[in-house]
Every structure is written in C-alpha cells, then in structure tokens.
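Colleague:
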Amino acid sequence: MARRHSGTEKVDVNLVPMIDIMFQLIAFFTMLINMDNVNRDERIRLPIADLAKPTEMAVDELLTLNVNRQGKVNLLGDLVDVEDDVFRQFMIREAAAAQREMKRARRKIEVVQGRPKLWTTVMIRADAEVEYARVQHMIKVCQEMGFTKFALRATAERAE
Amino acid sequence: MRFARRAGSLSESKCEIEMTPTLDIIFQLLIFFILTFKPITEEGQFGVNLAHLPVGGAAVPTVVPGEDDQSDASLDVELNPPFRIRLAADANGNLAKGGVFFGEERRLPSLDYLRFELRNTAQGFTEDFEVVIEADPRLRWEYLVQAVNAISHAGIRKINFAAPQSGG
Numbered sequence: 006m007a008r009r010h011s012g013t014e015k016v017d018v019n020l021v022p023m024i025d026i027m028f029q030l031i032a033f034f035t036m037l038i039n040m041d042n043v044n045r046d047e048r049i050r051l052p053i054a055d056l057a058k059p060t061e062m063a064v065d066e067l068l069t070l071n072v073n074r075q076g077k078v079n080l081l082g083d084l085v086d087v088e089d090d091v092f093r094q095f096m097i098r099e100a101a102a103a104q105r106e107m108k109r110a111r112r113k114i115e116v117v118q119g120r121p122k123l124w125t126t127v128m129i130r131a132d133a134e135v136e137y138a139r140v141q142h143m144i145k146v147c148q149e150m151g152f153t154k155f156a157l158r159a160t161a162e163r164a165e
Numbered sequence: 014m015r016f017a018r019r020a021g022s023l024s025e026s027k028c029e030i031e032m033t034p035t036l037d038i039i040f041q042l043l044i045f046f047i048l049t050f051k052p053i054t055e056e057g058q059f060g061v062n063l064a065h066l067p068v069g070g071a072a073v074p075t076v077v078p079g080e081d082d083q084s085d086a087s088l089d090v091e092l093n094p095p096f097r098i099r100l101a102a103d104a105n106g107n108l109a110k111g112g113v114f115f116g117e118e119r120r121l122p123s124l125d126y127l128r129f130e131l132r133n134t135a136q137g138f139t140e141d142f143e144v145v146i147e148a149d150p151r152l153r154w155e156y157l158v159q160a161v162n163a164i165s166h167a168g169i170r171k172i173n174f175a176a177p178q179s180g181g
C-alpha cells in the first residue's frame, strides 16, 4: 500500500539549470553575430594576398560593391552588369547622397578634374575569377562620379 | 479565527508558471542561431586613392596595403616616371607562362620573382618608387591582387593600374 501511494507522487523536474545554460548559449551566439558582414556576399571567392591583413581603416562613409565572377554587381540583391546603365544610375544616386551628407556634415567638397571629391570609400569585393576589365570599368564609373577612395578586398587565407 | 484560516489557505496554494512556451521559444532561438552561425573569415584590404581619371590610358592611383592614403600622387608621377609591369593572360584568363614583363623588355617566370626584382631595382628609394601595372583585360582579378601583394612585399607603396591593354 505504501509503495503504491508513493507512485502517485508528483515528480518535479528542475528546469532552472537547463534554462540557464540555454540563455547562456543564446547570449553567446548573439554576441558572435557580426553586423559588419551584412554587406558581404558570401558566394564571392576573394583573391588571396598575405599582406591583406585586417586593419582599422579611418572611413567616413563606406559603400561595398560585391562583384561576382561573371562581372555582375550585387545591388541590394539584384545582380547588375557593371557595364549596364542601371549600375551607373545607382552610382549617380550614391554620389548625390554622399554630397548631401558631406554638406550636412559641413565638409568642404573639393573639385578635382571638374568632379567633386567625395568622402565615401568604395570597398570592392571582387571575385578572384572576374576579368580585370570588368573591375577596371567599375572603378572608372565610380571615378566619374567623384569617388576617389577605394579599398580592394582580399583574404589572407583560402576560405573553405 | 476567520483571518487565520484565510492565511492558512493562501500559504498552501501553489502558483505554477507554465514553462513550456518559454522553453519552446528558447529552443527555437537556439536552433536559429546555430543554423545561421558562420565562422568569420578574416578579410583585409589594399587602400587605393584614385584621385584622377585615366589620362592617356593610365589611371593614377596610389595603393597602400591596409590603409587609405590621402596624399595626391600626381606630383610624384610628374617627377618620377613610373616603372611599368605588364601582365599577359592566356586564353583562359590565367597568367600566361612568362607573362610577367618587368620594365620594357625583361620577362619574369612568375609573380614570385617580382618582389625580389623590384626590391633590387628600387633599392633605398621605395618611398618614391612608383609602379604601374598594365594588364590584359581578360586577366583574372586574382593575378592583379597577387601583383599588388608582391609589389607591396618589396616595400613599394605607390602602385598604379593602367587602363586594360588588349593583346598579350
């Protein structure tokens, strides 16, 4: 009788340590999220250069251009050919936005060869296999809009 | 008496918080973070200052590994004629065998030789030394970056890209 009675007792599982650990795991993963990566197109295989070490760059404004191996730029999810007029229009809008920001920040806008020298750094994340002519064309379009600062992205090691 | 009874009944009632929805959400968050987790691959950059549009087929940039050079390169270009390196591509866009032209005539077997040759050529004058890379338009971007890397290894900080040259 006594045994049968004990069988009906309610057994409480102590969930507190499990919840503690799960919260810690969530906090760990949350901290690992790198918000710098949002503009990175992970499908792009960057060229390898051992001197391309990550360093702190003093940048006023940053514009990241991801170029895939076919020479297409990823503009907010749309793949656009660098020689397409859509890319030029995009850069015109970016240049106008940069000028507005510079004026708002009361920065003096120098004029070089009839073009405003913009403060934005254009970060080029070009695939290792893209043709040089495509990248050169992209740089030329950016220059025509007044972008003068560029950063050529590379990786020090092969990403798997 | 009445008061005491009420107090007694309150202390005996057990208030249980329902943990199941909380645990469900926590598990879902955990699964989301585990699935979206990607180890960060370190990326670096070569800072380039391209203040001028290509004039006469050659752009006038300045490359400094890892940082932005704010200086204007035009004065140096006028005083010191840049050293030219030409990179030729094969039909597949790879660097052609012996396709590294050092100066006007000399050919180098590969890009690895570039840093030693440049170090010898620019002995002690690496600050003023300027290199222009002329490349075949079909050449893959990775060889350009490798060339920039090799030149940077030689201690040269001013590197230019010429407009693409057809033919190799």
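Sequence lines, in order, name chains A and B.
Per my numbering, the very first residue in the first sequence carries number 6; after that it's consecutive.
Per my numbering, the very first residue in the second sequence carries number 14; after that it's consecutive.
We put the beta carbon where it would ideally sit given N, CA and C, even for glycine.
#1: Could you check the C-alpha separation between B/Thr54 and A/Arg45 for me, to the nearest Å?
#2: Looking only at its own chain, which residues have a Cβ that is under 8 Å from the Cβ of A/Asn73, when we skip the five neighbours before and after it?
#3: Check whether chain B comes within 9 Å of A/Glu99, counting only Cβ atoms and requiring the distance to be less than that.
#4: Going by the CB atoms, is the gap between A/Ala100 and A/Leu150 shorter than 9 Å?
#5: Counting only the same chain and skipping the five closest in sequence on each side, list residues whose C-beta sits under 6 Å from that of A/Asn71.
#6: Would you identify the three-state DSSP class for A/Phe152, choosing helix, strand or coil?
#7: Output the boundary residues of the beta strand (DSSP E) element that contains B/Asn173.
#8: Using a Cβ-Cβ cut-off of 7 Å (strictly less than) and excluding sequence neighbours within five positions of B/Glu130, which residues of its own chain qualify?
#9: Any chance the stretch 124-139 of chain B sits against the stretch 166-177 of chain B, with 3 or more Cβ pairs inside 8 Å?
#10: Please identify, using Cβ separations under 8 Å, the residues of the stretch 159-171 of chain B that lie next to chain A, in order along the chain.
#11: Would a check of beta-carbon distances place A/Asp55 closer than 9 Å to chain B?
#12: DSSP on A/Asp83, reduced to helix/strand/coil?
#13: Could you spell out the range, first to last residue, of the alpha helix (DSSP H) harbouring B/Val161?
#14: Evaluate contact between the stretch 89-103 of chain A and the stretch 156-163 of chain A, counting only Cβ atoms and requiring at least three cross-stretch pairs below 8 Å.
#15: Can you find a CB in chain A that lies within less than 9 Å of the CB of B/Val61?
#16: Buried or exposed for B/Asn133, going by 16 or more other Cβ atoms inside 10 Å?
#17: Does the beta carbon of B/Ala176 come closer than 9 Å to any beta carbon on chain A?
#18: By DSSP, does A/Leu20 sit in helix, in strand, or in coil?
#19: Does any residue of chain B bring its CB to less than 9 Å from the CB of A/Gln94?
#20: Contact criterion: CB-CB distance below 9 Å. Does A/Thr160 meet it with respect to chain B?
#21: Taking DSSP as the reference, what is the three-state secondary structure of A/Lys145?
#22: Taking Cβ to Cβ, would you say A/Ala63 is nearer than 9 Å to B/Glu56?
#23: Using a cut-off of 7 Å between C-beta atoms, extract the partners of B/Gly106 located in chain A.
#24: I think A/Met128 touches B/Gln58, with their Cβ atoms under 8 Å apart; what is that distance to the nearest whole Å?
#25: I'd like to know whether the C-beta atoms of A/Tyr137 and B/Arg153 end up nearer to each other than 9 Å.
#26: Does DSSP put B/Met32 in a helix, a strand or coil?
#27: Using a Cβ cut-off of 9 Å, pull out every chain A residue sitting near B/Thr139, in sequence order please.
#28: What are the boundary residues of the beta strand (DSSP E) that A/Asn71 is part of?
#29: So, under 8 Å CB-CB, B/Phe46 and A/Phe34 are touching, yes? Tell me the CB distance rounded to an integer number of Å.
Modeller: On the basis of the coordinates in this document:
#1: As a first step, residue 54 of chain B must be located in the second sequence, where it is residue number 41. As a first step, residue 45 of chain A must be located in the first sequence, where it is residue number 40. When rounded, the distance between both Cα atoms is 11 Å.
#2: As a first step, residue 73 of chain A must be located in the first sequence, where it is residue number 68. Same-chain partners within the cutoff: Asp46, Arg48, Ile49, Asn79, Leu84, Asp132 and Val135.
#3: The residue you call residue 99 of chain A lines up with position 94 of the first sequence. It does not; no Cβ of chain B falls within 9 Å.
#4: On the first sequence, position 145 is the one that residue 150 of chain A refers to. On the first sequence, position 95 is the one that residue 100 of chain A refers to. Here residue 150 of chain A turns out to be Met, not Leu, going by the sequence shown. Yes, Cβ-Cβ distance for A/Met150 and A/Ala100 is below 9 Å.
#5: The residue given as residue 71 of chain A occupies position 66 in the first sequence. Only Asp46, Ile49, Asn79 and Arg130 meet the Cβ criterion.
#6: As a position in the first sequence, residue 152 of chain A is number 147, starting the count at 1. It is a strand residue.
#7: Here residue 173 of chain B refers to the residue found at position 160 of the second sequence. Segment Lys171 to Phe174, the beta strand (DSSP E) holding B/Asn173.
#8: On the second sequence, position 117 is the one that residue 130 of chain B refers to. Within the same chain, B/Glu130 has close Cβ partners Phe115 and Leu121.
#9: yes
#10: Gln159, Val161, Asn162, Ser165 and His166
#11: Translated into the one-based positions of the first sequence, residue 55 of chain A becomes position 50. At least one chain B Cβ lies under 9 Å of A/Asp55.
#12: For the purposes of this step, residue 83 of chain A is taken as the residue at position 78 of the first sequence. The answer is strand: DSSP assigns A/Asp83 an E or B state.
#13: Here residue 161 of chain B is taken as the residue at index 148 of the second sequence, counted from 1. Trp154 to His166 is the extent of the alpha helix (DSSP H) around B/Val161.
#14: no
#15: The residue given as residue 61 of chain B occupies position 48 in the second sequence. So, interface residue.
#16: The residue you call residue 133 of chain B lines up with position 120 of the second sequence. Counting Cβ neighbours within 10 Å, B/Asn133 comes out exposed, since fewer than 16 surround it.
#17: As a working note, residue 176 of chain B is residue 163 in the second sequence. Yes, its Cβ sits closer than 9 Å to a Cβ of chain A.
#18: Residue numbering aside, residue 20 of chain A sits at position 15 when the first sequence is read from its first letter. Three-state DSSP puts A/Leu20 in coil, outside helix and strand.
#19: If you number the first sequence from 1, residue 94 of chain A lands on position 89. A/Gln94 does not count as touching chain B.
#20: Residue mapping note: residue 160 of chain A aligns to position 155 of the first sequence, counting from 1. For A/Thr160, the answer is yes, since a Cβ of chain B falls inside 9 Å of its Cβ.
#21: Locating residue 145 of chain A in the first sequence gives position 140, counting from the first residue. It is helical.
#22: For the purposes of this step, residue 63 of chain A is taken as residue 58 along the first sequence, with counting starting at 1. For the purposes of this step, residue 56 of chain B is taken as residue 43 along the second sequence, with counting starting at 1. No, they are not a contact pair.
#23: Here residue 106 of chain B is taken as the residue at index 93 of the second sequence, counted from 1. Ordered by position in chain A, the residues that pass the 7 Å Cβ test against B/Gly106 are Glu136.
#24: To locate residue 128 of chain A, count along the first sequence from 1; it is residue 123. To locate residue 58 of chain B, count along the second sequence from 1; it is residue 45. So it is a contact: roughly 7 Å between Cβ atoms.
#25: The count along the first sequence starts at 1 and reaches residue 137 of chain A at position 132. The count along the second sequence starts at 1 and reaches residue 153 of chain B at position 140. Yes.
#26: Here residue 32 of chain B refers to the residue found at position 19 of the second sequence. B/Met32: coil per DSSP, three-state reduction.
#27: Taking the first residue of the second sequence as 1, we reach residue 139 of chain B at position 126. The premise fails here: B/Thr139 is roughly 14 Å from chain A at the closest Cβ pair, so nothing lies under 9 Å.
#28: Here residue 71 of chain A corresponds to residue number 66 of the first sequence, with the count starting at 1. Residues Glu66 to Val72.
#29: Counting from 1 along the second sequence, the entry for residue 46 of chain B is found at position 33. Counting from 1 along the first sequence, the entry for residue 34 of chain A is found at position 29. About 3 Å; that satisfies the 8 Å criterion.
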